[in-house]
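Engineer: Pasting a structure below so you can have a look.
Number of protein chains: 4
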Amino acid sequence: MVSRARLISVIGAGRAEPEVLQAARQCGRLLARAGFGVVCGGLGGVMSAAAQGCAEEGGLTLGILPGSDPAQANPYIQVVVPTGMGQARNLLVVMAGLGALAISGGAGTLSEIGHALKMGRPVVGLGSWEIEGVTPAATPEEAVGLLLARLPA
Amino acid sequence: MVSRARLISVIGAGRAEPEVLQAARQCGRLLARAGFGVVCGGLGGVMSAAAQGCAEEGGLTLGILPGSDPAQANPYIQVVVPTGMGQARNLLVVMAGLGALAISGGAGTLSEIGHALKMGRPVVGLGSWEIEGVTPAATPEEAVGLLLARLPA
Amino acid sequence: MVSRARLISVIGAGRAEPEVLQAARQCGRLLARAGFGVVCGGLGGVMSAAAQGCAEEGGLTLGILPGSDPAQANPYIQVVVPTGMGQARNLLVVMAGLGALAISGGAGTLSEIGHALKMGRPVVGLGSWEIEGVTPAATPEEAVGLLLARLPA
Amino acid sequence: MVSRARLISVIGAGRAEPEVLQAARQCGRLLARAGFGVVCGGLGGVMSAAAQGCAEEGGLTLGILPGSDPAQANPYIQVVVPTGMGQARNLLVVMAGLGALAISGGAGTLSEIGHALKMGRPVVGLGSWEIEGVTPAATPEEAVGLLLARLPA
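Chains as they are written, first to last, in the working numbering: chain A, 1290 to 1442; chain B, 1290 to 1442; chain C, 1290 to 1442; chain D, 1290 to 1442.
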């Protein structure tokens, strides 16, 4: 028996404003301190910042890439899963996590929110889509707190 | 050279109220009369009703199933693509259409809207998610009209 | 109720010698005459030739593309399913058919043979991989005959 | 920057004879001692044995499941990627590794060999399919040695 990584999906855009990136990095740090790893889409922006924060605190980082070239992963990803499946990898990103943290984000993030809700995963949004099923949070601390409180026991 | 089918993605829930199903069937009819086929998730509810309406008017119906058993397709599907990929087939449903018509629908439909918007497909909603990027319509006639008007030339 | 298309998967390389292409086209013709459509990977070579033969005889042609651009389909495909999933579409090509006809082919075809055998689909090879589970045939006539005889009732 | 896991795909059947499982476990151990982790399909048989051996020697184990339930992973998997994509996950298993080690195995393994060869990954077989492109080995030591020697620099 080995210790199984407990992961949270952090979803958000590949490009974002500095304050959004700062929030994502802080979310990654908080998740790692709480004993969780981060799974994300493996590219830049929110994905990179969250992975960076998580890795800084010793958390495991898993990146599930849309392309087939592992070199596209950001430098904070420890375990790379290239897929060559394009957007279909969005589903895998949310399936690999116990719950999803949406940070800002556009249409790709919206598809991930839809997939997560369909699977019954808790979803917390930080400056993200304000739609039914997504619990809004105002700060990284609140976002991580709300999400972890809603995880299945 | 053969004539290539021009398809519209009709997305919506596998179970729905009678008036929603009636609207879906009418959308299918209108699409077929305008020379389009319907691609959908191949199962029941909105998917079946839209396929039924389309087939009634001689339009082509394509069903992309989440499971691997073609027998799960509703009886109005002419061309069945089983996938065994579960929710990942949602992406394929919207990718195979020139635009998407969302009729009512829940989280699965939301994931499809997200994928469609990410791909730049026009999306019209009929009693569906009221979010940025989705053009709302009040009737099947308006929905089909708005969508066809927004298709790339 | 509509009439459901009965499809045979024709798998093979995107580039092939003239005699291989001629055989693929003949297989497409024979399948259409027997009342079957052709599902293939939608690109060139064996895929295009088989679709051409099938379309010449009025059979339905379904192309499941690795990319997301429907314009990549060869001109003999009536129904295009772009996937953006790269090689993962290989599985879909064999899943959409009642059985698989492998014509020449390299590593991609090998992956499709593996998937088809795993699903219990009959597989006939025409100048293709000579491995356990693949019934070899010497001519298009023999190949189509052997495959159709092995389809589930 | 974090240290990126270097993974080898170990592919083989979910059920196997004791001597095959022993060989798989030994391969896992040897890979871990050489500094590599193991990515596999996450289930039982060869997948479980290889993960066990790898974990015993402190190597990282990644399991990419066909189903959507992470609880289906064998107890030696540290990082679980459920996919809900069925056989389509076979492609991901080989894509996540630098090379593939095929141990015994049936049709599913054959599909993985095909995908690996298509991607240009080195493939070594231990009591597996004897086909063009697969380098045969007689022992776990030889198999791991041959595979590591063929990895891209």
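We treat Cβ as the ideally placed atom computed from N, Cα and C, and that holds for glycine.
I want to see whether chain A comes within less than 7 Å of A1396 of chain B, judged by CB atoms only; does it?
Structural biologist: Yes, its Cβ sits closer than 7 Å to a Cβ of chain A.
Engineer: When you compare only the Cα positions, how much space is there between V1370 of chain C and R1293 of chain C?
Structural biologist: Distance between the alpha carbons of V1370 of chain C and R1293 of chain C: 17 Å.
Engineer: Since R1293 of chain C meets chain B, which of its residues come closer than 9 Å, beta carbon to beta carbon?
Structural biologist: What R1293 of chain C touches in chain B: P1359, A1362, P1364, I1366, Q1367, V1368, V1369.
Engineer: Roughly how many whole angstroms lie between the Cα atoms of G1395 of chain B and V1291 of chain C?
Structural biologist: Roughly 28 Å between the two C-alpha positions.
Engineer: From the DSSP output, in three-state form, read off A1344 of chain C for me.
Structural biologist: Residue state, collapsed to three classes: helix.
Engineer: Suppose you measure from the CA of S1337 of chain D to the CA of L1310 of chain C; what does that come to, to the nearest Å?
Structural biologist: Going by the C-alpha atoms only, they are around 44 Å apart.
Engineer: Let me confirm a value: P1307 of chain C is counted as buried when at least 16 other C-beta atoms fall within 10 Å, else exposed. Which label applies?
Structural biologist: Under this definition P1307 of chain C is an exposed residue.
Engineer: May I have the straight-line CA-CA distance separating S1417 of chain C from G1434 of chain C, to the nearest angstrom?
Structural biologist: Computed Cα separation, rounded: 17 Å.
Engineer: Quick check on M1384 of chain D - is its C-beta less than 7 Å from some C-beta in chain A?
Structural biologist: For M1384 of chain D, the answer is yes, since a Cβ of chain A falls inside 7 Å of its Cβ.
Engineer: Give a yes or no on whether the minimum CB-CB distance between G1373 of chain C and chain A is below 7 Å.
Structural biologist: True, the Cβ-Cβ gap to chain A drops below 7 Å.
Engineer: Could you tell me how far apart the beta carbons of Q1361 of chain B and L1380 of chain B are, in whole angstroms, since I believe they sit closer than 8 Å?
Structural biologist: Wrong, their Cβ atoms sit about 19 Å apart, outside the cutoff.
Engineer: Going by C-alpha to C-alpha distance, which of A:G1326, A:R1322, A:P1429 sits closest to A1391 of chain A?
Structural biologist: Taking only the C-alpha atoms, the option nearest A1391 of chain A is A:P1429.
Engineer: So which residues of chain A does G1422 of chain B contact, with C-beta pairs closer than 8 Å?
Structural biologist: What G1422 of chain B touches in chain A: A1396.
Engineer: Report the neighbours of I1402 of chain D on chain C: residues whose CB is nearer than 9 Å to its CB, in chain order.
Structural biologist: Residues of chain C passing the Cβ test: A1396, L1399, S1400, G1403.
Engineer: Cα-Cα, which of A:K1407, A:G1317, A:Q1376, A:V1423 is closest to E1346 of chain A?
Structural biologist: Closest option to E1346 of chain A, Cα to Cα, is A:G1317.
Engineer: Compare the C-alpha of I1366 of chain D against each of D:R1314, D:V1328, D:V1413 and name the closest.
Structural biologist: Minimum Cα distance to I1366 of chain D is reached at D:V1328.
Engineer: Excluding the 5 residues preceding and the 5 following E1443 of chain A in the sequence, name in chain order all residues of the same chain whose CB lies nearer than 7 Å to its CB.
Structural biologist: Outside the modelled stretch of chain A, which goes from 1290 to 1442, sits residue 1443 of chain A, for which no answer is possible.
Engineer: Can you tell which of D:G1373, D:V1382, D:A1389 has the C-alpha that lies nearest to the C-alpha of M1384 of chain A?
Structural biologist: Cα-wise, what sits closest to M1384 of chain A is D:G1373.
Engineer: Compute the Euclidean distance between the alpha carbons of G1348 of chain D and D1358 of chain D, then round it to the nearest angstrom.
Structural biologist: So the alpha carbons of these two residues sit roughly 24 Å apart.
Engineer: Check the Cβ-Cβ distances between A1377 of chain A and every residue of chain C, and say whether any is below 7 Å.
Structural biologist: Yes, because at least one Cβ of chain C sits closer than 7 Å to the Cβ of A1377 of chain A.
Engineer: In terms of alpha-carbon separation, which member of B:L1354, B:G1324, B:S1393 lies closest to Q1376 of chain B?
Structural biologist: Of the listed residues, the one whose Cα sits closest to Q1376 of chain B is B:L1354.
Engineer: Under the rule that 16 or more other beta-carbon atoms within 10 Å means buried, what is P1441 of chain A, buried or exposed?
Structural biologist: Per the 10 Å Cβ criterion, exposed.
Engineer: Can you list the residues of chain A that M1336 of chain D reaches, using a CB-CB cut of under 9 Å?
Structural biologist: Here the premise fails: no neighbours, minimum Cβ distance about 14 Å.
Engineer: Expressed to the nearest angstrom, what Euclidean distance is found between the alpha-carbon atoms of G1330 of chain D and G1356 of chain B?
Structural biologist: Taking the straight line from one Cα to the other gives about 20 Å.
Engineer: Where in the region 1367-1396 of chain A do unbroken runs of the beta strand (DSSP E), each at least 3 residues long, occur, reported from the N-terminal end onward?
Structural biologist: Qualifying beta strand (DSSP E) stretches, in chain order: 1368-1371, 1389-1392.
Engineer: Over the uninterrupted beta strand (DSSP E) stretch that includes P1425 of chain A, give me the two end residues.
Structural biologist: Here the beta strand (DSSP E) through P1425 of chain A covers 1423-1426.
Engineer: Kindly indicate the opening and closing residues of the beta strand (DSSP E) around G1352 of chain D.
Structural biologist: Segment 1350-1354, the beta strand (DSSP E) holding G1352 of chain D.
Engineer: Taking all protein chains shown into account, decide if G1326 of chain D is buried (16 or more other Cβ within 10 angstroms of its Cβ) or exposed.
Structural biologist: It counts as buried.
Engineer: Give the interface partners of L1380 of chain D over in chain C, defined as CB-CB distance under 7 Å, in chain order.
Structural biologist: Within chain C, the residues near L1380 of chain D are Q1376, A1377.
Engineer: Which same chain residues, not among the five before or five after L1406 of chain B, have their C-beta less than 7 Å away from its C-beta?
Structural biologist: Cβ within range, chain order: V1412, G1422.
Engineer: Rounded to a whole number of angstroms, what is the C-alpha to C-alpha distance between L1436 of chain C and V1299 of chain C?
Structural biologist: When rounded, the distance between both Cα atoms is 11 Å.
Engineer: State the DSSP-derived secondary structure class of I1300 of chain D, mapped to helix, strand or coil.
Structural biologist: Strand at I1300 of chain D.
Engineer: Using the Cβ count rule (16 or more neighbours within 10 Å means buried), how would you classify E1401 of chain B?
Structural biologist: By the neighbour-count rule (16 or more Cβ atoms within 10 Å), E1401 of chain B is buried.
Engineer: Rounded to whole angstroms, what is the Cα-Cα separation between A1344 of chain A and A1321 of chain A?
Structural biologist: So the two alpha carbons sit approximately 8 Å from each other.
Engineer: Label R1304 of chain A either buried or exposed according to how many other C-beta atoms from any shown protein chain fall within 10 Å of its C-beta, with 16 as the threshold for buried.
Structural biologist: Per the 10 Å Cβ criterion, exposed.
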